[in-house]
Amino acid sequence: MPGNPIHWRVYLVPLRLLTIYFFMSFDRELQKRSNSICELCGSDEANIDYLVPHSPGSKLEHHLWVCPTCHQQLEKPETADANHWRCLNESIWSEVPAVQVVSYRMLHKLKSLDWVPDLLDIVYLDDETLAWAKASGDDVNEDDMVKHLDCFGAVLQSGDAVVLTKTLDVKGATFSAKVGTVVRNIRLVQDNPEQIEGKVNGTSIIILTKYVRKSNL
Ligand SMILES: [Zn+2]
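So for the sequence shown, my numbering puts the first residue at -13; every next one is plus one.
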């Protein structure tokens, strides 16, 4: 759209001021709520506005006021210092839902520490806060997840190709699926780790994972 550049300049200045004011006011509100200390560990070096990941919005209630140490370890949980996160013993009982959410997720990431499971056992979050906390998937224990393994123990995924290691009779069909048959683009049967689904001779059949090996073809 052809426009007079002078007009644009006139509008741009107030817009930029508005943006700066918006961020400043958030910092101020967070400092007020937190008494200017890190809402997770209580450090008085807090200076970062942290938007809790997987939040239902980006309002003030979805932000935390945190210190650089907490912030860095939240961003890179693999660098988490077990001693530092003793603070979760207190923060998990905060009245601020965003603090509960981040504490809950961090506790699940640190589950291997001896004091964490006991604390998780007594933690209480209301339904809405719990759903928000779980939105990141940090509470899912990988060991509990259903895994489909081939006859050698390799993990199978949807879309993989497999080779039959045994000739299988196909129920209700006039053919058998011969050993060595390559089945492409398999689908995992969700609630049964021993079964996958794939097409042989154009017919979808259920195959037991113990009779297949993953193929790289
Ligand atoms: Zn902190």
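Note that CB positions come from ideal geometry on N, CA and C, so glycine has one too.
Residue from the options whose Cα sits closest to the Cα of residue i
| i | options | result |
| --- | --- | --- |
| Val88 | Ile108, Leu106, Val38 and Val52 | Val38 |
| Pro42 | Asp125, Ile108, Ala117 and Ser201 | Ala117 |
| Lys200 | Gly145, Ala159 and Ser162 | Gly145 |
| Asn178 | Ala66, Leu135 and Asp104 | Leu135 |
| Ile172 | Lys157, Asn202, Asp155 and Gly158 | Asn202 |
| Asn33 | Gly184, His40, His57 and Asn187 | His57 |
| Ser162 | Phe138, Ala140 and Gly188 | Gly188 |
| Cys53 | Ser80, Trp79 and Ser20 | Ser20 |
| Thr167 | Gln143, Gly184 and Leu174 | Gly184 |
| Glu47 | Ala84, Pro63, Thr115 and Tyr36 | Ala84 |
| Val165 | Cys137, Leu154 and Leu174 | Leu154 |
| His49 | Gln59, Tyr36 and Glu61 | Tyr36 |
| Gly28 | Val102, Ile78 and Pro103 | Ile78 |
| Lys157 | Asp104, Ser190 and Gln59 | Ser190 |
Rounded Cβ spacing between residue i and residue j (contact assumed at less than 8 angstroms)
| i | j | result |
| --- | --- | --- |
| Thr195 | Gln181 | 7 angstroms |
| Ala68 | Leu99 | 6 angstroms |
| Trp51 | Leu16 | 4 angstroms |
| Arg91 | Asp124 | 4 angstroms |
| Ser30 | Ile23 | Going by the sequence as given, residue 30 is Asp instead of Ser. Going by Cβ atoms, the distance from Asp30 to Ile23 rounds to 5 angstroms, so yes, they are a contact pair. |
| Val148 | Val198 | 4 angstroms |
| Lys133 | Val141 | 6 angstroms |
| Thr55 | His40 | In fact, because the Cβ distance is near 22 angstroms, the residues do not count as touching under 8 angstroms. |
| Ile193 | Val169 | 7 angstroms |
| Leu111 | Ala119 | 6 angstroms |
Residue i beta carbon near ligand 1 (any heavy atom closer than 7 angstroms)
| i | result |
| --- | --- |
| Val165 | no |
| Val52 | yes |
| Thr55 | yes |
| Leu26 | yes |
| Ser44 | no |
| Ser98 | no |
| Ser89 | no |
| Ser29 | yes |
- [ ] Taking 8 angstroms as the threshold, find out whether the region 67 to 81 comes into contact with the region 96 to 112 through three or more Cβ pairs.
- [x] Remark: three or more beta-carbon pairs, one from each stretch, lie closer than 8 angstroms, so the region 67 to 81 and the region 96 to 112 are flagged as touching.
Open item on the list: Could you tell me which whole alpha helix (DSSP H) segments of length 4 or greater appear in the region 165 to 190?
Closed with: You should have found no qualifying run.
Task: Whole beta strand (DSSP E) elements within the region 36 to 63, 3-residue minimum - done: Contiguous beta strand (DSSP E) elements confined to the region 36 to 63 occur at 49 to 52, taking only those with 3 or more residues.
Task: Every unbroken alpha helix (DSSP H) within the region 86 to 110, with a cutoff of 4 residues, ordered by chain - done: List check, alpha helix (DSSP H) in window: 102 to 108.
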